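Residue numbers (the numbering used here): 467 to 584.
Even glycine gets a Cβ: it sits at the ideal position worked out from N, Cα and C.
Because the structure is a prediction, the values reported are computed rather than measured.
Everything on this sheet refers to the single structure shown next.
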Amino acid sequence: HWNMLMVPTAYTLEQLQYDVVVGADTHVEPSYDPNCALITNGCAPVKVISAERLADPVKGPAVGLEIAAAVDDKEGMNVISPEARNCIWGELIIRKKGMKTFLDRGGYEEHDYSFTKG
467 HWNMLMVPTA YTLEQLQYDV VVGADTHVEP SYDPNCALIT NGCAPVKVIS AERLADPVKG
527 PAVGLEIAAA VDDKEGMNVI SPEARNCIWG ELIIRKKGMK TFLDRGGYEE HDYSFTKG
């Protein structure tokens, strides 16, 4: 399911539904990201990042810097130089010069959803 989500324009929203891909009653064994195998001094979450905030024109650059700070100087991580980080964020997020992201997916938008407490 995660790998399918990483290619947002290849699947419809219906094809990406968890119940369709995994199954509502399926027990999924927790696992580490495969990249953790590349890290010899342990692999544990250090930061929770919001994709929506990363893509926000006002909050996004600061979130990008938070990501860089979390992985900078860590074994196996190559992070671009600090002076280039805001420029790269602008090119990828504002000018959309990178791969397609969740922002490029057509279909439902946030205001189309309603949430109820049940």
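Item, Value
"Using C-beta distances below 6 Å, list every residue in its chain close to L569, excluding the 5 sequence neighbours before and after it, in chain order.", "A521"
"CA-CA distance, I560 and P527?", "11 Å"
"When we look at the beta-carbon of V486 and count the other beta-carbons within 10 Å, is it buried (16 or more) or exposed?", "exposed"
"Using the C-alpha atoms, what's the distance from K563 back to E557?", "6 Å"
"Measure from the alpha carbon of V524 to the alpha carbon of each residue in Q483, N552, K513, A490, then state which is nearest.", "N552"
"Would you mind working out which of T492, I515, L479, A503 sits nearest G542, comparing C-alpha positions?", "A503"
"Return no unless some Cβ of chain B is closer than 8 Å to the Cβ of N501.", "In summary, chain B is missing from the structure at hand, where a single protein chain is found."
"So the candidates are K540, D539, L531; which of them puts its Cα closest to the Cα of A550?", "L531"
"Under three-state DSSP, which class holds P511?", "coil"
"Roughly how many angstroms separate the alpha carbons of I505 and E495, rounded to a whole number?", "21 Å"
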